[in-house]
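Worksheet: the structure to be examined is printed underneath.
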Amino acid sequence: MPTYASKDELDFDLSQLPCLPAFDHVEMAAPDFFDVQYAINPHMLDASGALQRIDRKLAQQQWNSVREAIESAGVTVTVEPALADHPDFVFCANPWLPIPAEVTGEGPHCVPSRMASDERAGEVARWCESLADRGWKVAPLTGTAKCLEGTGDGLWHPRRQLLWAGIGSRTERGAWEELAERYGLHVVLLELQDPALYHLDTCLAPLDERTCLWSPSAFTSAGAALIEQLFEDAIAVSEPEAHESFVCNAFAPDAGGAARPVVLQKGAQRVVRELSERGFSPIEVETDEFLKAGGSVFCMKMAHPVRVDQ
Ligand code: ARG
3 MPTYASKDEL DFDLSQLPCL PAFDHVEMAA PDFFDVQYAI NPHMLDASGA
53 LQRIDRKLAQ QQWNSVREAI ESAGVTVTVE PALADHPDFV FCANPWLPIP
103 AEVTGEGPHC VPSRMASDER AGEVARWCES LADRGWKVAP LTGTAKCLEG
153 TGDGLWHPRR QLLWAGIGSR TERGAWEELA ERYGLHVVLL ELQDPALYHL
203 DTCLAPLDER TCLWSPSAFT SAGAALIEQL FEDAIAVSEP EAHESFVCNA
253 FAPDAGGAAR PVVLQKGAQR VVRELSERGF SPIEVETDEF LKAGGSVFCM
303 KMAHPVRVDQ
């Protein structure tokens, strides 16, 4: 299947693409060892250039509130025990990419990430073991792409077999080309150009089949045109909303019902209003301790459609 890097290349309508089920199961990783011990993105340093300092007790409370918000939306949360010496393990959206059974034609696949930094490389094996124990097939990349960071850069379009794919400091284009080919998947390529919005999930949040939040300045004009073409309602956020509140790191849990919850960092009043006007139910949570590491709600969880008892 070809990848799509510009609007002119699109040769399909979203409505023609095969469906995906609700991603009503969520993994989270316990935050016991969460900390900032190195800087691999600009958020991890304070204004004086020193590593951010984390209040571990507050971080645990904030993590609990994210979990409660997601559970209140009706999806199941499974918690992976913490991994010592891996202070970013809590950002479990990054070490692997789920490929649902509807796409593989067999069971669900886990594509292990090739993390861009040595500091996070050790997180991947833990997830592969845990998922293999639960019946997932681990299906590594075989090509030469140096990096791929899971659903930091690969976002499933809600309910459709389409992958939004970020290309930048964390994921190489070749990784997406290999996956498009392997799974016969429509993959839309978006180049990222703002170092502070270093993963696609920091500048694009698909909320439902027709709606997303996005930060236009993070994308090239080709990327912006693709987003505006494929989402009927692309809600633009300002640079401060994206940089300071990480609003594009929002998560819309899909429990399959009529409720339309969106869990997001507290304080983006304008965005909250825009969401409410459209019939979404914003749930604001405080993730300030995690913002200091460059992450918020979306990357503190991994959503997929597979029940644990399967
Ligand atoms: N410190 C982590 C890193 O830079 C934060 C990851 C946040 N994840 C995300 N998808 N935005 O890798």
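In terms of the working numbering, the sequence shown is numbered consecutively and its last residue is 312.
We put the CB at the ideal spot given by N, CA and C, even for glycine.
| said: So, at 7 Å on beta carbons, what are the nonlocal neighbours of Q312 in its own chain, with the 5 sequence-adjacent residues on each side left out? | reply: Position 310 of the sequence shown, counted from the start, is the residue given in the question as residue 312. With a pLDDT of only 43 at Q312, under 50, the local geometry of the prediction cannot be trusted, and the value read off the model is given with reservation. Within the same chain, Q312 has close Cβ partners G137.
| request: Could you tell me the distance, in whole angstroms, from the CA atom of P110 to the CA atom of D10? | output: Sequence index remark: in the sequence shown, residue 110 carries index 108 (1-based). Sequence index remark: in the sequence shown, residue 10 carries index 8 (1-based). If I take the Cα positions, the gap works out to 32 Å.
| query | With distances taken from CA atoms, which of V81, L99, P102, P100 is nearest V92? | reply | Walking along the sequence shown from the start, residue 92 turns up at place 90. Closest by alpha carbon: V81.
| request: Answer yes or no: the CB of G297 versus the heavy atoms of the ligand ARG, is any distance below 7 Å? | output: Against the sequence shown, residue 297 aligns to sequence position 295. Yes, the beta carbon of G297 sits closer than 7 Å to at least one heavy atom of the ligand ARG.
| task | Using only alpha-carbon positions, find the residue among M46, S74, A52, D37 that is nearest to Q62. | result | Taking the first residue of the sequence shown as 1, we reach residue 62 at position 60. If we check each option's Cα against that of Q62, D37 comes out closest.
| said: I'd like to confirm something about T204: is its beta-carbon nearer than 7 Å to some heavy atom of the ligand ARG, or not? | reply: Reading the sequence shown from its first residue, position 202 is the one you call residue 204. Yes.
| field | Simplified DSSP assignment, three categories, for W138 | value | Indexing the sequence shown from 1 puts residue 138 at position 136. Looking at W138 - three-state DSSP - the assignment turns out to be coil, as it is neither helix nor strand.
| task | Quick one: residues in its chain with C-beta nearer than 7 Å to the C-beta of K148, no 5 flanking neighbours on either side, listed in chain order? | result | If you number the sequence shown from 1, residue 148 lands on position 146. Within the same chain, K148 has close Cβ partners R116, E174.
| Leaving out the 5 sequence neighbours to the left and right, which residues in its chain are closer than 8 Å to A314 when beta-carbon positions are compared? | Coverage of the chain is limited to positions 3 through 312, which leaves residue 314 absent and any answer about it impossible.
| F253 in three-state terms, based on DSSP | Along the sequence shown, one-based indexing puts residue 253 at 251. Three-state result, F253: strand.
| message | If contacts are defined as beta-carbon pairs under 8 Å, then G2 and N66 qualify, I think. What distance do you get, rounded to the angstrom? | response | Within the shown structure, residues of the chain are numbered from 3 to 312, placing residue 2 beyond reach of any answer.
| query | Comparing alpha-carbon positions, which option in D87, P33, F25, S8 lies nearest Q39? | reply | If you number the sequence shown from 1, residue 39 lands on position 37. That would be D87, whose Cα lies nearest to the Cα of Q39.
| Considering P100, what are the terminal residues of the alpha helix (DSSP H) in which it resides? | Mapped onto the sequence shown, residue 100 falls at position 98. Unbroken run through P100 is the beta strand (DSSP E), 98–101; no alpha helix (DSSP H).
| query | Apart from the five residues just before and just after Q231, which ones in its own chain have a Cβ nearer than 8 Å to its Cβ? | reply | Residue 231 sits at position 229 when you count from the first residue of the sequence shown. Only K9, L12 meet the Cβ criterion.
| said: Would the stretch 18–26 count as touching the stretch 298–310 if we require 3 or more Cβ pairs under 8 Å? | reply: yes
| Which of the three DSSP states, helix, strand or coil, is assigned to S223? | Residue 223 sits at position 221 when you count from the first residue of the sequence shown. Helix at S223.
| said: Short of 6 Å in beta carbon distance, which residues of its chain neighbour L164, apart from the five on each side in sequence? Order them along the chain. | reply: By 1-based counting over the sequence shown, the position of residue 164 is 162. Counting only Cβ-Cβ distances below 6 Å, and skipping sequence neighbours, we find L19, H188.
| query | Beta carbon of R172, beta carbon of H201: below 8 Å? | reply | If you number the sequence shown from 1, residue 172 lands on position 170. If you number the sequence shown from 1, residue 201 lands on position 199. Their beta carbons are under 8 Å apart, which means R172 touches H201 by this criterion.
| request: Tell me where the beta strand (DSSP E) around E211 begins and ends. | output: On the sequence shown, position 209 is the one that residue 211 refers to. Note, E211: premise wrong, no beta strand (DSSP E); not H, not E.
| Sorry if obvious, but does the Cβ on I42 come closer than 7 Å to a heavy atom of the ligand ARG? | Reading the sequence shown from its first residue, position 40 is the one you call residue 42. I42 Cβ: within cutoff of the ligand ARG.
| Unbroken beta strand (DSSP E) runs of length 3 or more, entirely within the stretch 12–87: which are they? | 27–31, 78–82
| request: Compute the minimum distance between the beta carbon of F93 and the heavy atoms of the ligand ARG, and state whether it is under 7 Å. | output: As a first step, residue 93 must be located in the sequence shown, where it is residue number 91. It does: the Cβ of F93 is within 7 Å (strictly closer) of some heavy atom of the ligand ARG.
| task | Determine, using beta-carbon pairs with one atom in the stretch 191–210 and one in the stretch 151–161, whether at least three such pairs fall under 8 Å. | result | yes
| Separation of I56 from V113, as counted between CA atoms | By one-based count along the sequence shown, residue 113 stands at place 111. By one-based count along the sequence shown, residue 56 stands at place 54. Each residue's alpha carbon lies about 31 Å from the other.
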